[in-house]
Amino acid sequence: MKISARNVLKGTITEIVKGATTSHVRIDIGSGAIVTASITNEAVADLKLEKGKQAYAVVKASDVMVGID
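Residues in the sequence shown are numbered from 0 upward in steps of one, following numbering that gives the first Met the number 0.
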């Protein structure tokens, strides 16, 4: 896989919650960190995503915000 995004996080799918049109895909990227992506149900089917399968979270954003407690 070759893409222009710099932030590619490899992990394992821990959960897929399907809604009417979109799914929330949770990916464990290690050290207790979970990344959640909201993608179409069609994309879930096309990629044959399922719990336990290895996947990549690809982050491409024009803005990054920082917050503190």
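Here a beta-carbon is modelled for each residue, glycine too, at the ideal position from N, C-alpha and C.
Computed from a predicted model, the values in this text were never measured in an experiment.
Helix, strand or coil for residue 44, going by three-state DSSP, please let me know.
Residue state, collapsed to three classes: helix.
For residue 65, the three-state DSSP class (helix, strand or coil):
For residue 65, the three-state secondary structure derived from DSSP is coil.
For the putative contact between residue 54 and residue 10, defined by C-beta atoms under 8 Å, what is the C-beta separation to the nearest angstrom?
Sure, about 7 Å apart at Cβ, within 8 Å.
Straight-line CA distance for residue 40 to residue 67?
Put simply, the backbone Cα of residue 40 is about 34 Å away from that of residue 67.
Backbone secondary structure at residue 20 - three-state DSSP:
The three-state secondary structure of residue 20, taken from DSSP, is coil.
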